[in-house]
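Note sheet for the following structure.
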Amino acid sequence: MNPLANPNFLSALAAVADAHADRPCLIQPGAEDWSYAMLTDASQRIAGVLAEAGIRPGDRVLAQVDKSAHAVALYLATLRLGSAYVPINTAYTREEVAYFCADSEPRVFVCREQDVADRAPVAGAATLLSLGADGGGTLLQKAAQAMPVETIAERAAGDLAAIVYTSGTTGRSKGAMLTHDNLTSNARVLLDYWGWQDDDVLLHALPVFHVHGLFVALHCALLSGTPMLFLPQFEVSAVMEALPRATVMMGVPTFYTRLLERDDFTQQRCAGIRLFISGSAPLTEQTFAAWEARTGHRILERYGMSETMMNTSNPLVGERVPGTVGYPLPGVQLRIVDAEGRALSRGEVGVIEVRGPNVFAGYWRMPEKTAEEFRNDGFFVTGDLGKMDEDGRVSIVGRSKDLVISGGYNIYPKEVERLIDEMPEVLESAVIGVPHRDFGEGVVAVVVPVDAPVEEPAVRAVLEGRLARFKHPKVVVNVPDLPRNAMGKVQKKALRDRYVGLFSEV
Ligand code: MCA
Ligand code: AMP
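Position 394 of the sequence shown, counting from 1, maps to 395 under this note's numbering, and the rest follow consecutively.
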């Protein structure tokens, strides 16, 4: 690589975009297709708007926007100016957004057109702009008049490119600081490991506010100059329709189970596909087997985190073993340790720790939290439990962190329990995840009432407007007391075992 090259990740993307200017980039069924040149042009104009708002390198741009071609342009515009992109889930309520605004202190906050009035009181000192899914909003009105920014801000490899919030076990979200080098190194490794081809077409139906959709999926396409079938969300019929034109699909396990539920989902629909990739949550061996039986494809499962991007992957060529997440990616060091950080032997279950160019720079303005989760030798403690086989293949067997993963979204029980416990009719609660056919895990609130049973609508009413709906318990069960160990700690495993079949009964 040219040692004088600008380590800003956008430099790499821009070179590819220029070389593929006339190629389709974002193919949007039902809307206008965008070429690479159109994406460059839109992002340069949006960069002009951000520059007029006073954005400087290192400043944050907070985005709570629907998935659209312009949303991608906004992300690229942020990189162009050397500022940091802070994407957040569109499901978050104003109360949740207030926290992200206060914590990240953005200079610009771009929200959905319909949310402007609601978000204005929590925007703080940020310039509030809006972006509609259909291209409306003040961001694009201003972009039409703005002076495009063609230069790409010079950044160092270790400079901040994005902050991705992950919920914390204490209920306070932590912003994982990802650098230009994190983005660049992981994207390059994935392109190579997954054998990206010049004629690939990625089916992109993931949201673009998480690492999976925003970085893993988008970067593979953008860094190879290949097109994406860019769907606004995962809607099973639209995905079925798009599949015959795709060669690669990435998704969370729910994508795969939902497609399998369709009788008209056949092998012929995937005739052009060379690779199905799954991640963000465990893919069950049953889904793997059912998928192979239906399509003839063995899904390639990989493992990552917001803090580390992608860590491991099953191989492109070679055995993809169900229930495993494959080998550490090139450049990624992975070890399995006991609670004290001592390395375990092959086959033993312990905490997964990783080190490498993919690992984030720390939590935004949380040096103590950062210090707690890194070992002295630079390994990051993931909180996932796993083991490594003799041949180096990794399996995830659980989590030491109290976390529920539902349909690929993370839910930290503490955040939900805190609000339920505030209800006067509740003595205490424990929020757990139990197997759910559609979402992998479904959220259940186990509640000890003061007196009369606490019904689900009452819980929902308390959470409404305060917590994103995907975090709301799908079921509330009342119990006389919670199981505790000798130290008085609630035994969530006992609760998970007790309610393991809850969703198969509904
Ligand atoms: C929606 N709902 C959910 C979920 N999604 N409930 C639990 N878990 C979910 N994941 C609820 C909504 O609140 C709503 O409830 C009702 O379901 C219908 O909402 P809708 O938006 O229509 O849902 P959907 O379209 O069916 O969405 C399901 C989905 C979506 C397609 C699976 O959740 C999704 O796209 N998930 C992908 C998440 C993802 O990208 N994760 C990557 C992060 P109500 O009716 O009460 O309002 S992890 C990551 O990035 C790391 C690095 C990695 O390894 O990849
Ligand atoms: P997030 O913080 O949203 O990036 O979620 C990261 C977490 O998702 C990881 O720490 C794992 O617990 C989980 N995860 C990601 N990929 C997989 C996978 N293939 N199998 C099991 N868990 C996974």
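We put the CB at the ideal spot given by N, CA and C, even for glycine.
It should be emphasised that the depicted structure is a prediction, and the values quoted were computed from it without experimental measurement.
Look at V212: its beta carbon is less than 7 Å from one of the heavy atoms in ligand 2. Linking S84 to R57 through their CA atoms gives a straight-line distance of about 6 Å.
Taken in chain order, the whole beta strand (DSSP E) runs of length 3 or more contained in the stretch 381 to 412 are 381 to 389, 395 to 400, 405 to 407, 410 to 412. Judged by the Cβ position, Y86 fails to qualify as a neighbour of ligand 2 at the 7 Å threshold, every heavy atom of the ligand being at least this far. In the structure shown, the three-state DSSP call for V448 is strand.
For I421, the enclosing alpha helix (DSSP H) has its first and last residue at 414 to 422.
Minimum Cα-Cα distance from A157 among the listed residues K402, F10, M306, A206 corresponds to F10.
Residue pairing from DSSP places A344 in a beta bridge opposite V338. F361 carries a coil assignment under DSSP once its states are collapsed to helix, strand and coil. Counting other Cβ atoms within 10 Å of its Cβ, K490 stays below 16 and is therefore classed as exposed.
Put simply, of G252, M367, H213 the residue whose alpha carbon is nearest the alpha carbon of E236 is G252. Per DSSP, reduced to three states, the secondary structure at Q29 is coil, with no helix or strand assignment. Here the alpha carbon of G136 sits roughly 24 Å from the alpha carbon of H213. Under the criterion of beta carbons closer than 8 Å, A43 and A74 qualify as touching, at roughly 4 Å. Counting C-beta atoms within 10 angstroms of its own C-beta, T152 has fewer than 16 neighbours from the protein chains shown and is therefore classed as exposed. Here DSSP, grouped into helix, strand and coil, assigns W197 to coil. Annotation for Q65: the continuous beta strand (DSSP E) segment containing it runs 61 to 65.
G441 has its Cβ no nearer than 7 Å to any heavy atom of ligand 2. Distances taken from the Cβ of N411 to the heavy atoms of ligand 2 include one shorter than 7 Å.
By the 16-neighbour rule on beta-carbons within 10 angstroms, P254 is buried.
Rounded to whole angstroms, E423 and S430 show a C-alpha spacing of 10 Å. Only exposed fits V501, as fewer than 16 other CB atoms lie within 10 angstroms of its CB. Setting aside the 5 residues that flank it on each side, V190 is surrounded in the same chain by L330, P331, G332, each with a C-beta closer than 7 Å to its C-beta; the list follows chain order.
Between ligand 1 and the CB of H473, the shortest heavy atom gap is smaller than 7 Å. Only exposed fits K494, as fewer than 16 other CB atoms lie within 10 angstroms of its CB. Not one heavy atom of ligand 1 falls within 7 Å of the beta-carbon of S238. According to DSSP, Y304 shares a beta bridge with T313. For N90, DSSP records no beta bridge to any residue. Around the C-beta of E302, 16 or more other C-beta atoms lie within 10 Å, and the residue is accordingly described as buried. Less than 8 Å separates the beta-carbon of K475 from that of V445. Distance check between R259 and each of V240, P245, V109 places V240 closest, using alpha-carbon atoms only.
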